[in-house]
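K.L.:
Residue numbers (our numbering): 41 to 147.
1) Where do the ends of the beta strand (DSSP E) carrying residue 102 lie?
2) Go through its chain and collect everything with a Cβ distance to residue 83's Cβ below 8 Å, but skip five positions before and after it.
3) Rounded C-beta distance between residue 128 and residue 110? I'm assuming under 8 Å.
4) Starting from residue 98, follow the beta strand (DSSP E) in both directions and report where the run begins and ends.
5) So what does DSSP say about residue 148, is it helix, strand or coil?
6) Should residue 56 be labelled buried (16 or more other beta-carbon atoms within 10 Å of its own) or exposed?
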């Protein structure tokens, strides 16, 4: 995991900072890729093993939630609502923090 972070940091080091660069560098996509790389290298897990889960799954030291576990209202993705026993948290995905910070520019 650390190697992936170092590699990505080197990749983004000389790019001008904007919201897209920050999201690509630190956002959920990079986190997902890093965790998947770890699971694949350590436990030989393939991507289909982690998709369309209906219940939680423990792989080594990583606890994988189904879509209902993180967003019970994502019905188009197969979530089953707040009453689903797998529902753990409610994430609004509003990105409200994006508007709270000034624009970053390189000087």
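C-beta atoms are modelled at their ideal positions from N, C-alpha and C, and glycine is treated no differently.
P.N.:
According to the structure data:
1) Where residue 102 is concerned, the enclosing beta strand (DSSP E) stretches over 102-104.
2) Answer for residue 83: 99, 100, listed in chain order.
3) Taking a contact as a CB-CB distance under 8 Å, the pair residue 128 and residue 110 counts as one, their CB atoms being some 7 Å apart.
4) Element bounds for residue 98: 97-99.
5) The structure shown has nothing for residue 148, since the chain only spans 41 to 147.
6) With fewer than 16 other CB atoms across the displayed protein chains lying within 10 angstroms of its CB, residue 56 is exposed.
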